[in-house]
DNA sequence: TTGGGCATGTAAGATGTTACATGATTAT
DNA sequence: ATAATCATGTAACATCTTACATGCCCAA
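Chains as they are written, first to last, in my numbering: chain D, 1 to 179; chain R, 180 to 358.
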């Protein structure tokens, strides 16, 4: 069984759940802003993927009126079906992480190594900046209670991301104190 | 500035902290068993990397006595220096995750969608199996208190991984109940 | 009307994955 | 002796990253 490609399904999900048709730029920005915590993508992946998905009949492409530059994409029946199938199928892989900070910590054997506090402080700074971004998203997107009901999945994973980041910062500070 | 390559530094770290010289197979297994939570690698990446690092003078290669098949690698002065420099430099990138389960949750808008419980149960099963593996590692590696002091970084990240996995399972169960 | 920014796109190289190949060791 | 397993390695392919290219749009 060939490995499932994820990016096209993400694109389907974004197109399907947006009110109007969307452009490649909008899709790229959306992934980076809203689900960058769980998947990463560059615009140079998105455009070829859109082309391919159009050829496969998962989506349709329309020129933007009064605009030669941009194109908008909508989902087809087939695309909707692919998306629904994908969402229905529980996945059997653990989340994968690439975490360079933790690797460095791992390879330092001595509890009192001078480099540990420096590494940890840098990481705390990074996480604080990221946390700020996440909290802004939550304030912007979920101002009223019904927003939560209308985008339940989004709400779930955003609150979860915030909790995990806070937790990680807390752990780092605590680890610092243990010196 | 070209992007830092991670794999060679992981290999340096493993060779440097092991008692004796190690083989490619041992390195691959070690990464998958001990730091698979934070980095992933296939053996088909390791062997070419070892060749390259040997050519660059970061490590040295010795045939295993009475064994035509296996080779052992040790670290050079240069390699040690590269490793120390890498460990000393705080990194400026957030940990990256690829988490398909969370993506699927994200794209389901309806709080009462029938597919959510199925997805969550499958994920809980996965995480439970993984947690078991992590707990076994902790029992095997850190039976006595001095083990903790001798491999402080390893201890830190293993306990942290266990805590995070438990936490995730707890959150999933709680989310299930909220239906 | 022209210059800068922007959305789209391409290209090249690096990295990661899967499958297969080879020969040595081990078990039967 | 033969078969199965294992460590090493290669090959083909997919994906990701970075840089560059193109031409439209808008504002000065």
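For glycine and all other residues, C-beta sits at the position ideal for the given N, C-alpha and C. In this text the structure is predicted, and so the values were computed from the model without any measurement.
query: My guess is that residue 101/D and residue 196/R are in contact by the Cβ rule of under 8 angstroms, so how many angstroms apart are they, rounded?
result: Incorrect: roughly 18 angstroms between the Cβ atoms, too far for contact.
Cβ neighbours of residue 123/D in the same chain (closer than 7 angstroms, five flanking residues each side left out): So the list reads 101, 172, once near-sequence residues are dropped.
- prompt: Of all the residues that make up the region 283 to 304 of chain R, which are near chain D by a beta-carbon distance shorter than 7 angstroms?
  reply: If you check each beta-carbon in the region 283 to 304 of chain R against every beta-carbon of chain D, the ones closer than 7 angstroms belong to 283, 284, 285, 286, 287, 288, 289, 290, 294, 297, 298, 301.
query: For residue 199/R and chain D, any beta-carbon pair shorter than 9 angstroms?
result: No, no contact with chain D.
- prompt: Between which two residues does the beta strand (DSSP E) containing residue 96/D stretch?
  reply: Taken as a continuous stretch (DSSP letters only), the beta strand (DSSP E) holding residue 96/D covers 96 to 98.
query: Looking at chain R, which residues of the region 13 to 45 of chain D have a Cβ within less than 7 angstroms of any of its Cβ atoms?
result: 13, 17, 35, 37, 38, 39, 40
task: Spell out the partners DSSP gives residue 72/D in its beta bridges.
output: 62/D
message: Assuming the contact rule is C-beta atoms closer than 8 angstroms, residue 152/D and residue 278/R should be a hit. Round their C-beta distance to whole Å, please.
response: With a Cβ gap of about 17 angstroms, residue 152/D and residue 278/R do not count as contacting.
- request: State the DSSP-derived secondary structure class of residue 41/D, mapped to helix, strand or coil.
  value: Collapsing the DSSP output to three states places residue 41/D in coil.
- prompt: Looking at C-beta atoms only, is the number of pairs between the region 20 to 38 of chain D and the region 73 to 85 of chain D that lie closer than 8 angstroms three or more?
  reply: yes
- request: Using a Cβ cut-off of 9 angstroms (strictly closer), state whether residue 335/R contacts chain D.
  value: At least one chain D Cβ lies under 9 angstroms of residue 335/R.
field: Bridge partners - residue 201/R, DSSP secondary structure assignment
entry: 252/R
query: Under three-state DSSP, which class holds residue 35/D?
result: coil
query: Which residues of chain R have a Cβ atom closer than 7 angstroms to the Cβ of residue 62/D, listed in chain order?
result: Per Cβ cutoff of 7 angstroms: no residues; residue 62/D is ~23 angstroms from chain R at best.
query: Hey, would you say residue 225/R sits closer than 9 angstroms to residue 194/R, going by beta carbons?
result: No, Cβ-Cβ distance for residue 225/R and residue 194/R is not below 9 angstroms.
- prompt: How would you list, in chain order, the residues of chain D whose beta-carbon sits under 7 angstroms from the beta-carbon of residue 332/R?
  reply: Correct list: 105, 106, 107, 108, 109.
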